[in-house]
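Enquirer: Quick one: the structure is below, and I'll ask about it shortly.
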Amino acid sequence: MKLITQILTVFALITFMASCQSDNFSDQVYEVEIYLTDDPLNAEEVNVEILSVVLKGEGESETIELNTISGIYNLLDFQGDVDTLIASGNYDLSTIKEIRLILGENNTIKIDGEIYPLRIPSGASSGLKIKIDKDLIGESLVSLLIDFDACESVKEQNGEYKLSPVIHFKGDRNIRSLDLDYVNKLDSCYEIGFPVDVKNLDGEVDQVSSIEELRTLIQDELITGVVYPIQLIDGNGDVKKVNNHNQAERLIDECEEDDEEEYDYLDLDEWLAEIDSCYSIDYPLSLVLDDGNTIDVNSNEELVMVDNAVEIIFPIYLNDGEESKKINNENQLEAQLKNCEDEEEEEEEEEEDFEDFSELLDKLLECYEITFPVSVMMEDSSIVEAVDLTELEGLAGGGMAISFEYEFTITGVNGASHVIKNGNQLLGLLNQCKSNDSDGELLADVLKCYQIEFPIKIKTDSGETKMINDMDSLQILLDSGEGFDIKFPINLIDSDGNILKISNRNKLRAKADDC
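In terms of the working numbering, the sequence shown is residues 9 to 523.
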């Protein structure tokens, strides 16, 4: 015989009100309500036909049939603390000895899409009996819990399913055992409305007036449980009446789900680093925070201080040093950063053409003037500030400097300034500078109008550095057709004898154009 190994529970929530016609008790009235719920079962449906619910008292004559909402109930519809009212009524007993569920014949179980009859033993025709022996004297509110154990109750034999009900009385549903974890969870999410009624070890009801007192009683094992209803006050000051333990647990679960909600927080440091390698942000920039509010930040410094941003509000504007680019959405930003990565890879390949920082500086000075001070990174990763060209060339020539620290400004011969924000931008300007006339061609044009003050230093295309000490040596070099780069600055002498300092290739080109 194969057992179905899940558990099905039926919660019977029972509150009692005495009948107005009773002479046995004072004005104590008990209202009876029966609710159903269950735990998961390895079946698609468990359909039980409930005809009536009966309460039994001390004697045989003390039998009351409640107002039952008869019908076929799929017990699996009432999972996850879901319940449904199946019976209610008024009664005036001092003790409940037994609850009986009277079932009909239309009981089925559905497994793997197939519906099978669920047979009930003939002896169960008088009802499924649940022994409880509950004393009602002095009680104004009683909630009882029964457990319908499907693992023991539903059995399969030769392709037939039989219901041999195993139902346990689980105690007073509104008085549940307490532990510190449960109380601490309640207190972390809500303010508990004190005083709260609790049951002591003698079964009597006491009141506690604070969370500290409640914790102490639990730790010292002086109480058996809390008496519902209780009141919980949320963060907005709203009062929630909690009628039973399951309802309290649902509220705790909801609170924990809110606390555990995972925001996809933006790592703005990393995000800024990605952008800063190629672009600067044109502020202000708007962000959505985890509380739904928005803020504007106006600088990189403000941006990296925000640790609870969940969304960037588009459009944003990125500046590559030449123009501002409007970015309308996340996909466009991702594409822009991908382009940046590709350009950086190309930049790394092109930077291999420069043997060291000194050569990079020489190339830069061929076309541009640097606005000082500038900062450079040294071999030991320290940052040093150079206040003039002499100091910068000293750092470069000594092999100690390895790269520029961005941002810094350079100026071309036409007076146009460029704020260099990253290596990609710098390399682009250097390539633009190198792509024009060779230094030999420029010198040949300049010599039509100016004399050169010797010596000058050059570097040939073969990598050899030479000192040119006179016009004859220069002319031989020009006639040879060998390519070379001038080591700026050089001095030109005009027809009036004035000395003109030429600090880069662009200025040399401008003088060549004048001629």
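Built from N, CA and C at the ideal position, the CB exists for glycine as well.
Mapping the DSSP letters down to three states, classify Met-385 as helix, strand or coil.
Expert: Of the three classes helix, strand and coil, the one that applies to Met-385 here is strand, per DSSP.
Enquirer: With 16 other CB atoms within 10 Å as the buried threshold, where does Tyr-287 fall?
Expert: buried
Enquirer: Taking the straight line between their C-alpha atoms, what separation do you get for Thr-232 and Ser-196?
Expert: Distance between the alpha carbons of Thr-232 and Ser-196: 22 Å.
Enquirer: CB-CB under 8 Å to Tyr-273, same chain, minus the five flanking residues each way: which ones, in chain order?
Expert: Asp-298, Asp-315, Asn-316, Ala-317 and Val-318
Enquirer: Spatial neighbours of Leu-230 within its chain, please: C-beta separation below 7 Å, excluding the five flanking residues on both sides.
Expert: Asn-208 and Leu-209
Enquirer: I need the DSSP call for Phe-365, collapsed to helix, strand or coil.
Expert: In the displayed model, Phe-365 falls within a helix according to three-state DSSP.
Enquirer: Using 8 Å for Cβ pairs, my map puts Val-392 next to Leu-403. What's the rounded Cβ distance?
Expert: Right, the Cβ-Cβ distance comes to about 6 Å (below 8 Å), so this counts as a contact.
Enquirer: Roughly how many whole angstroms lie between the Cα atoms of Ile-117 and Asn-55?
Expert: 6 Å
Enquirer: On a Cα-Cα basis, can you pick out the residue from Lys-495, Lys-163 and Asp-246 that is closest to Leu-373?
Expert: Of the candidates Lys-495, Lys-163 and Asp-246, the one whose C-alpha sits nearest the C-alpha of Leu-373 is Lys-495.
Enquirer: With a threshold of 6 Å on Cβ separation, who are the neighbours of Ile-464 within its own chain once the five nearest residues in sequence on each side are excluded?
Expert: Ile-476 and Ile-498
Enquirer: Work out the CA separation of Ile-410 and Asn-308 for me, nearest whole Å.
Expert: One C-alpha to the other measures close to 25 Å.
Enquirer: According to DSSP, is Lys-334 part of a helix, a strand, or is it coil?
Expert: Secondary structure of Lys-334 (DSSP, three-state): strand.
Enquirer: Return the Cβ separation of Lys-64 and Arg-108 in integer angstroms, given the expectation that the two are a contact with Cβ distance under 8 Å.
Expert: 7 Å
Enquirer: Starting from Ile-418, trace the beta strand (DSSP E) both ways and give me its first and last residue.
Expert: 416 to 419
Enquirer: Give the range of the beta strand (DSSP E) segment to which Met-526 is assigned.
Expert: Summary: the structure shown does not reach residue 526, with the chain confined to residues 9 through 523, and so no result is reported for it.
Enquirer: Roughly how far, in whole angstroms, is the beta-carbon of Ile-7 from the beta-carbon of Ile-200, given that I think they are within contact range, below 8 Å?
Expert: Residue coverage of the chain in this structure runs from 9 to 523, which leaves residue 7 outside it and unanswerable.
Enquirer: Could you tell me the boundaries of the beta strand (DSSP E) in which Lys-495 lies?
Expert: 492 to 495
Enquirer: Relative to the C-alpha of Thr-419, which residue among Thr-379, Val-250 and Lys-105 is closest?
Expert: Thr-379
Enquirer: Find out if the Cβ-Cβ distance for the pair Asp-478, Phe-462 is shorter than 8 Å.
Expert: yes
Enquirer: Would DSSP call Ala-424 helix, strand or coil?
Expert: coil
Enquirer: Cα separation between Asp-487 and Gly-505?
Expert: 27 Å
Enquirer: When the Cα atoms are used, what is the spatial distance from Glu-122 to Cys-263?
Expert: 40 Å
Enquirer: From Leu-84 to Val-234, what distance separates their C-alpha atoms?
Expert: 29 Å
Enquirer: Express the C-alpha separation of Ser-503 and Trp-279 in angstroms, rounding to a whole number.
Expert: 57 Å
Enquirer: Based on DSSP bridge pairs, tell me the residues matched to Asp-205.
Expert: Gln-215
Enquirer: Does Ala-343 pass the burial test, meaning 16 or more other C-beta atoms within 10 Å, or should it be called exposed?
Expert: exposed
Enquirer: Which residue from Ser-96, Ile-72, Ser-60 and Lys-139 puts its Cα closest to that of Glu-113?
Expert: Ser-60
Enquirer: Could you tell me the distance, in whole angstroms, from the CA atom of Leu-74 to the CA atom of Thr-302?
Expert: Taking the straight line from one Cα to the other gives about 58 Å.
Enquirer: Should Asn-432 be labelled buried (16 or more other beta-carbon atoms within 10 Å of its own) or exposed?
Expert: buried
Enquirer: To the nearest angstrom, how far is the alpha carbon of Ser-218 from that of Leu-259?
Expert: Answer to the nearest angstrom: the Cα atoms are 20 Å apart.
Enquirer: Quick check: the Cα distance between Ile-94 and Asn-192, rounded to an integer number of angstroms?
Expert: Roughly 34 Å between the two C-alpha positions.
Enquirer: Take the Cβ of Leu-508 as the centre, count every other Cβ of all protein chains shown within 10 Å, and call the residue buried at 16 or more, exposed below.
Expert: exposed
Enquirer: Please classify Glu-310: does DSSP put it in a helix, a strand, or coil?
Expert: helix
Enquirer: Quick one: Cα of Asn-327 to Cα of Ile-335, how far?
Expert: Roughly 11 Å between the two C-alpha positions.
Enquirer: If we ignore side chains and look at the alpha-carbon of each, how far apart do Val-213 and Ile-119 end up?
Expert: Within the model, the alpha-carbon separation for Val-213 versus Ile-119 is close to 47 Å.
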